[in-house]
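Novice: Using the UniProt record's numbering, the first residue of the sequence shown is number 1, and each one after it goes up by one.
Glycine included, every Cβ here is placed at the ideal spot set by N, Cα and C.
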Amino acid sequence: MPNPPDRPIDYAAIARSAMKPSGQKPVWLVEGQAIYAPSHAQGIGEITAILGDRLLAKFPNYSVPVIITNWQEAINRQEILPVSSQEITSEITREQEIYDVSEEDIATIPHPEFREIALNFQESLAAIRVTESTEGDAHRLPMDLPIILQEALREKGYTHLWSHQMQSLEAMRNGKDVLLATPTASGKTLSFLPAILETCIQDPQATALLIFPLKALAIDQMSKLDAIVKPIGLHTGMMTGDMPKAERLKLFTPQAPQILCISPDLLHHQLNRIRYRHEWQTWRNFLTRLRYVVIDEAHTYRGSFGGHFANLMRRLRLAVDRLEGNSDRIQYVLATATIGNPIELTERITERRDRLV
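#1: By Cβ distance, which residues of its chain are closer than 8 Å to Ile339, with the 5 residues on each side in sequence left out?
#2: Please list the segments of the alpha helix (DSSP H) lying wholly inside the region 154 to 197, counting only runs of 4 or more residues, in order along the chain.
#3: If you measure between the beta carbons of Ser263 and Thr240, is that distance less than 8 Å?
#4: Alpha carbon to alpha carbon, how far is Glu123 from Val30? Give it in angstroms, no decimals.
#5: Please name the residue or residues paired with His139 in a DSSP beta bridge.
#6: Which same chain residues, not among the five before or five after Glu347, have their C-beta less than 8 Å away from its C-beta?
#7: For Leu345, does the three-state DSSP call read helix, strand or coil?
#8: Which ranges does the alpha helix (DSSP H) cover as unbroken runs of at least 4 residues, wholly within the region 270 to 345, from first to last along the chain?
#9: Among all the DSSP beta bridges, which residues are the ones paired with Arg54?
#10: Is any heavy atom in the ligand MG found nearer than 7 Å to the beta carbon of Thr69?
#11: Drop a sphere of 10 angstroms on the beta-carbon of Gln205, count the other beta-carbons inside from all chains shown, and report buried for 16 or more, exposed for fewer.
#12: Out of Asn120, Arg173 and His111, which has the shortest C-alpha to C-alpha gap to Ile330?
#13: Kindly indicate which residue of Gln258, Asp328, Ile211 and Tyr276 has the alpha-carbon position closest to the one of Phe309.
#14: Looking only at its chain, what residues have a beta carbon closer than 6 Å to the beta carbon of Gly237, apart from the 5 residues adjacent to it on each side?
#15: Is it right to say Leu51 is buried, meaning 16 or more other beta carbons lie within 10 angstroms of its own, or is it exposed?
#16: Leaving out the 5 sequence neighbours to the left and right, which residues in its chain are closer than 8 Å to Leu267 when beta-carbon positions are compared?
#17: Which residues does DSSP list as the beta-bridge partners of Thr108?
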């Protein structure tokens with residue numbers, strides 16, 4: 001029935017009609033009721049909302065509510081069950097047997113900090129295994145590094161390089177792209193930084209772009225970088241989205257930094273600035289002389305975000321070539337700790353295969 005012209009449209013009524021379920025709800029399917037959903041979470045959860053055919057439930061092992069798009073189909077497939085149902089008794093018993101780590105098991109963890117973490121998550125632990133540490137293969141700082149760089153590294157306590165850091169240094173010296181797929185806290189920063197600093201010392205015109213997906217990561221890395229380069233005297237800088245335009249211009253006045261930390265979003269913005277020759281000439285010079293692109297936390301560039309980032313890297317190469325630079329000279333360094341296909345990701349971002357180590 002059409003709405004009378006003198007009566008306003010009742011959008012709330014339209015929304016309420018859309019929220020009505022297409023079938024009859026069982027008596028146990030109400031907000032605040034406990035349910036069991038083995039295919040969505042491990043354990044018993046609580047219904048937080050029912051929006052038409054959609055059901056939202058909160059489970060202890062999930063940081064966000066679980067959304068079940070059609071509760072009727074889920075009930076038919078026994079994906080959600082009432083807690084009182086006999087069908088789940090054996091399943092709950094089985095899970096209790098699986099997640100049965102005792103305090104004696106936790107006591108086998110040698111480090112007290114890790115034992116405390118395990119105690120906090122005891123109900124979610126299925127097993128505990130302690131792996132003995134192995135000695136790394138350490139090498140003294142290469143004597144052919146610039147003296148000023150050796151002194152700066154030693155001043156910060158870096159007297160040795162691990163085997164993967166030495167391999168990365170040699171590969172970058174040989175013009176290779178480098179993929180660093182090593183565990184967290186394994187020294188990935190020191191795997192690429194010596195080669196970049198060595199090049200910037202030997203060639204004051206060379207520049208490097210360090211890309212971080214989050215501002216917090218950029219700040220953390222920038223503090224480590226500044227601590228090393230301060231006695232060397234290299235010009236470094238960081239651009240963030242909340243930096244006013246006047247400060248960005250100041251960063252590139254009178255000369256651009258040799259090493260620049262930046263986020264993908266701001267790099268996208270700054271690539272549009274190359275059109276303004278008078279205002280951003282030093283930024284144009286930076287891109288013309290670009291030698292290194294470091295992509296930290298590379299595993300974050302997946303899905304649509306990863307597709308956009310790959311296109312951003314194409315735009316970067318086009319900008320370098322347009323400004324009479326040479327994108328073929330750019331060396332890429334990708335650092336990641338948690339990814340299953342690092343080589344495939346690297347090849348898609350760099351569009352290279354023959355230079356990767």
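Specialist: Judging by the given coordinates:
#1: Result list for Ile339: Ala181, Ala298, His299 and Leu345, in chain order.
#2: Listed in chain order, they are 163 to 173.
#3: Result yes, Cβ atoms of Ser263 and Thr240 sit closer than 8 Å.
#4: Rounded to the nearest angstrom, the gap between the Cα atoms of Val30 and Glu123 is 27 Å.
#5: Under DSSP, His139 forms a beta bridge with Leu161.
#6: So the qualifying residues of the chain are Arg353 and Leu356.
#7: Here Leu345 carries a helix assignment [DSSP, helix/strand/coil].
#8: With a minimum length of 4 residues, the continuous alpha helix (DSSP H) runs that stay inside the region 270 to 345 are 281 to 288 and 303 to 322.
#9: Within the DSSP bridge table, the entry for Arg54 names Leu51 as partners.
#10: Among the ligands in the structure shown, none appear at all, so the ligand MG cannot be discussed.
#11: Exposed is the call here.
#12: Cα-wise, what sits closest to Ile330 is Arg173.
#13: Considering only alpha carbons, the answer is Ile211.
#14: Excluding sequence neighbours, Gly237 sits near Leu251, Pro257 and Leu260.
#15: Around the beta-carbon of Leu51, fewer than 16 other beta-carbon atoms lie within 10 Å, marking it exposed.
#16: If we look at Leu267 and ignore the five residues flanking it on each side, its Cβ neighbours are Leu209, Ile211, Leu312 and Leu316.
#17: Partner(s): none; Thr108 has no beta bridge.
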